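Only one structure is covered here, and it is reproduced in the block below.
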Ligand SMILES: [Zn+2]
């Protein structure tokens, strides 16, 4: 195939690094492309174009902590689910699952939902957090919300952490608390 830019070189398929621009961010991606042996122009055939789009999406997803195409497929396959079955579990259309697996970037809430519905460790961690929220005495709350109190009897009525009026949970007795955070100020 002749190069459509210089019209003299030949476009040859080769593995190369191309910059992908996704949502205004640029990522170098290693893909197969048609590269002109004369002017260096880069073009894609249809399957290369699809792979390039997916590679760009995955680079963006990695940078933003989202599941990649391969990770979504792997999570689904690990559970032995079809795309339709995963869609039903997530309460989304099968078209969404198909698009995500082709490289369309899922939003953060969909990403969270996929992890909760496919990853045992994430689901377990979520359950722990829920239990700790529902019952702070289990000691699962993040340590930064706990303030050292010399007089345990004052806990937790007299100190609030935020204007929302939340009281910090009573720390687990068996867990030594870190030094008090220097910047915890009482809300007005
Ligand atoms: Zn050329």
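Numbering (my numbering), first residue to last: 717 to 904. For every residue, glycine included, the Cβ atom is placed at its ideal position computed from N, Cα and C. As the structure is a prediction and not an experimental result, all values here were calculated from the model.
Quick one: is residue i buried, meaning 16 or more other Cβ sit within 10 Å of its Cβ, or exposed?
{"i": "residue 813", "result": "buried"}
{"i": "residue 819", "result": "buried"}
{"i": "residue 719", "result": "buried"}
{"i": "residue 735", "result": "exposed"}
{"i": "residue 717", "result": "exposed"}
{"i": "residue 695", "result": "Outside the shown range of the chain, which is 717 to 904, sits residue 695, and nothing can be said about it."}
{"i": "residue 742", "result": "exposed"}
{"i": "residue 834", "result": "buried"}
{"i": "residue 772", "result": "buried"}
Am I right that residue i and residue j are in contact with their C-beta atoms under 8 Å? What's the rounded C-beta distance?
{"i": "residue 744", "j": "residue 733", "result": "5 Å"}
{"i": "residue 783", "j": "residue 823", "result": "Actually they do not touch by this definition, with Cβ atoms about 12 Å apart."}
{"i": "residue 751", "j": "residue 730", "result": "5 Å"}
{"i": "residue 754", "j": "residue 724", "result": "6 Å"}
{"i": "residue 748", "j": "residue 764", "result": "5 Å"}
{"i": "residue 757", "j": "residue 722", "result": "7 Å"}
What residues match up with residue i in a beta bridge as DSSP calls it?
{"i": "residue 743", "result": "736"}
{"i": "residue 729", "result": "750"}
{"i": "residue 718", "result": "726"}
{"i": "residue 759", "result": "750"}
Open item on the list: Just to be sure I understand the criterion: a residue counts if its Cβ is closer than 6 Å to at least one heavy atom of ligand 1. Which residues meet that?
Closed with: 719, 721, 722, 725, 752, 754, 755 and 757
Three or more C-beta pairs below 8 Å linking the stretch 843-852 and the stretch 786-803: no
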